[in-house]
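Below: one structure, written as structure tokens.
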Amino acid sequence: MNLLREELSWITPELCLTLFACVALLVDLFVQKGRESVMVGFFSLMGLLATAFFLYRQYGVTPPAQPVFGCMVVDPFSTLFKLFAVGALAFVVLFTMLSRQTRPDGYGEFYFILLCAGLGAFFLASTYNLLLMYLGLELLSIASYILAGYAKGNRRSGEAAMKYVIFGAVASGVMLYGFTLLYGMTGSIDLTVIGPKLRDQFALDHGTIPISVATGLCLAGFAYKISAAPFHFWTPDVYEGAPTPVTTFLAVASKGAGFAALLRFLQAGFIPDRTLGGPEAMMGYSDKLGTLVAVLAALTMTLGNLAALGQTNLKRMLAYSSIAHAGYVLMGVATMNREGFSSVLFYLVVYYFMNLGAFGVVMYYANTTGDEQIDDLKGLGWRSPLVAITMVAFLVALVGLPPTAGFIGKWFLFTAAVKKGFLWLAVVAGINSAISLFYYFRVARAMWLRPEEEAKYATVHASPAFAALLLVLAVGTVWFGVGFDSLLRYCDYSQNLLR
Amino acid sequence: MLSDYAPLLLLLALAAAFVVGNLVISEVLGRPKPGVGKKTVYECGMPIRGTARARFSVHYYLLALLFILFDVEAAFLLPWAAHAEELGKAGLVAMGGFAVVLVVGLLYVMRKKALEWDR
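Chains as they are written, first to last, in the numbering used here: chain A, 1 to 499; chain B, 1 to 119.
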């Protein structure tokens with residue numbers, strides 16, 4: 001009994017989230033009609049707040065090596081990603097409460113599924129156990145499929161859900177096959193055991209074909225989750241079709257969790273301990289894997305950016321931009337060292353602010369006008385300056401220009417890549433950033449460089465709550481561009497307890 | 001290394017030969033006797049009535065799904081009930097948590113009127 005209690009005490013955030021997901025579902029059943037959205041949303045927010053509190057308490061506590069019967073890992077790395085997921089969920093819930101576009105039949109179910117998706121992200125970020133990792137991935141994915149198709153009766157939304165399901169099923173199947181191969185080679189589903197066993201395999205020098213096949217298949221699954229080329233095809237359609245708050249969730253929380261799992265997977269299994277010195281073959285393999293990821297990164301950012309150039313729909317453009325950003329972040333993954341990985345964490349936090357903000361503006365705009373075309377943004381700058389100014393801040397950050405956080409984040413990614421010797425990759429990324437300036441600037445131009453008379457829609461001012469949300473995100477975007485010390489220290493510290 | 005897989009290749013070849021061989025032999029030696037019975041989907045069993053595309057009420061599927069859910073619940077409860085004394089308090093708490101989640105589900109189902117056949 002005491003053992004159970006102690007083991008369970010390590011997963012209080014998860015338990016708390018589960019509890020409040022159930023509460024959200026029940027509140028919806030017993031609250032009078034017409035007040036559901038506010039009430040259920042309120043309880044979901046309370047749940048997220050409580051979860052964040054438990055996470056905060058876990059931060060800095062040294063847990064046993066692997067609590068909860070060896071399944072979970074509680075370390076600053078997982079806590080960072082869980083806080084990241086909770087923050088993203090909170091904004092998604094707030095956006096949903098303020099959105100007029102998503103009028104779901106059941107609010108309870110919507111928030112319930114949203115919180116369950118968050119739970120999936122939690123498990124994905126905090127485990128070395130391949131089975132639990134897969135379970136987390138599926139929980140997150142299946143919840144996302146339902147959310148993507150939540151706008152009932154909307155053809156685009158249905159199409160998005162359908163495409164997502166088919167693509168996701170194939171990708172997770174492929175990944176599972178990779179896991180079984182790893183299990184077959186090492187006899188374990190625990191990455192902390194798989195790592196040393198693989199080292200032994202490398203020492204025997206049998207050749208790397210089986211290991212390469214296994215890693216390749218696993219990488220395919222991760223690449224799907226973070227929408228990296230060549231597994232990005234679902235992204236634009238799903239992002240465009242899904243209700244905007246859901247798109248925000250997919251672009252931020254889902255992608256972040258995917259990166260968390262990818263980093264853990266690579267770090268535990270495939271990065272030899274340089275101080276201990278692994279077998280020569282493993283060093284070589286780790287570098288080759290890095291080069292493969294680097295090529296994927298270059299491919300992803302180039303494809304994403306070139307495709308984004310031709311988009312007229314704002315949401316679709318942001319979808320391609322999120323593919324491009326996955327490419328930038330992969331640049332840090334490709335270094336396969338600590339510095340690169342902490343730059344990945346830093347960039348993801350920055351990405352959280354600017355992307356949530358950009359999607360928030362899209363939602364405000366779609367809400368007030370029912371339109372998502374870039375060209376129809378004409379004159380928005382003169383009509384609702386606050387929204388337009390925050391949008392410019394997010395766009396500048398997305399391009400990666402100072403003084404915003406986007407610049408600092410990219411700066412760390414670039415230095416990490418160059419230090420590792422991927423100068424070509426940094427050059428490709430630089431060219432891509434320049435290309436991205438065109439399509440981001442097109443939005444700013446439509447908003448500001450057209451006279452007020454050309455504005456297509458009458459002004460609808462953002463509600464105070466909404467404006468406050470956007471302001472918070474914009475301040476975050478700019479603030480981390482200047483006062484990034486503490487965040488950087490935290491990201492670096494998060495790498496500490498990882499091996 | 002790769003030669004370890006030779007038996008696998010042999011198995012594959014044998015399996016393919018078996019299938020193709022049987023088809024060829026029956027084609028060469030067999031004397032075709034077509035008839036009405038042979039054109040039905042199954043050559044044995046009950047005669048077919050109507051098409052398989054009859055429409056069921058959607059409630060049927062809903063109830064079937066719910067049945068499976070609560071059926072599995074019972075399947076989980078039985079082994080615990082058989083060893084409840086040995087598992088003690090910890091087992092009771094764990095099963096209690098499980099039951100609470102299910103009760104939430106049951107409440108949800110009832111409030112959404114999924115169990116009412118006439119609606």
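All C-beta atoms in this analysis are idealised placements derived from N, C-alpha and C, irrespective of residue type, glycine included. The structure displayed is predicted, hence computed values, not measured ones.
- Which chain A residues are close to B:Y108, counting only those with a beta carbon under 7 Å from its beta carbon? L25, L29
- Three-state secondary structure (DSSP) of B:D4: helix
- Task: Spatial neighbours of A:A334 within its chain, please: CB distance less than 6 Å, with the 5 preceding and 5 following residues excluded, ordered by chain position.
- Result: G290, V293, A294, A297
- Task: Please confirm if B:A6 has its CB atom under 8 Å from at least one CB of chain A.
- Result: no
- Option nearest A:P196 by Cα separation, candidates A:G256, A:G269, A:G136: A:G269
- Query: Secondary structure at A:Q373, three-state DSSP: helix, strand or coil?
  - Reply: strand
- Query: Mind pulling the chain A residues with CB within less than 7 Å of B:R31?
  - Reply: Simply none; closest approach about 45 Å.
- Message: Looking only at its chain, what residues have a beta carbon closer than 8 Å to the beta carbon of A:L398, apart from the 5 residues adjacent to it on each side?
- Response: S321, H325, M354, N355, A358, G406, S436, Y440
- Item | Simplified DSSP state of A:T127, which is helix, strand or coil | strand
- Message: With a threshold of 8 Å on Cβ separation, who are the neighbours of A:L425 within its own chain once the five nearest residues in sequence on each side are excluded?
- Response: A294, A297, A298, M331, A334, A417
- Using the beta-carbon count (16 or more within 10 Å), is A:G476 buried or exposed? buried
- Write down the C-beta distance between A:R156 and A:E240 rounded to the nearest angstrom, noting that I regard them as a contact closer than 8 Å. 7 Å
- Got a sec? Which residues, its chain only, sit under 8 Å from A:S254 by beta carbon, not counting five neighbours each side? A117, A121, L140, S144, K225
- Message: Assuming A:N305 is part of the alpha helix (DSSP H), what are its boundary residues?
- Response: 280 to 309
- Pick from B:N22, B:P47, B:L29, B:L62 that is closest to B:W117, judged by C-alpha positions: B:L62
- Short Cβ contact (8 Å threshold) for A:K152 with A:V238: no
- Does the pairing of the region 129 to 137 of chain A with the region 74 to 81 of chain A give three or more beta-carbon distances under 8 Å? no
- Quick one: is B:R55 near chain A, going by C-beta distance under 8 Å? no
- Message: Against chain B, does A:L4 count as a neighbour if the rule is that its beta carbon must be under 8 Å from one of theirs?
- Response: yes
- Item | Euclidean distance between Cα positions of A:E452 and A:G381 | 8 Å
- Message: Restricting to Cα atoms, I'd like to know which of A:W411, A:P464, A:C491 is closest to A:L386.
- Response: A:P464
- Top-ranked residue by Cα proximity to A:T415, from A:G379, A:C491, A:A467, A:S342: A:S342
- Task: Over the uninterrupted alpha helix (DSSP H) stretch that includes A:M175, give me the two end residues.
- Result: 155 to 186
- Query: Under a CB-based cut-off of 8 Å, is B:A74 close to chain A?
  - Reply: no
- Task: Return no unless some Cβ of chain B is closer than 8 Å to the Cβ of A:C71.
- Result: no
- Query: Name the DSSP beta bridge partners of A:M72, please?
  - Reply: A:T127
- Query: Looking at C-alpha atoms only, which residue of A:S486, A:A228, A:V392 is the closest neighbour of A:L473?
  - Reply: A:V392
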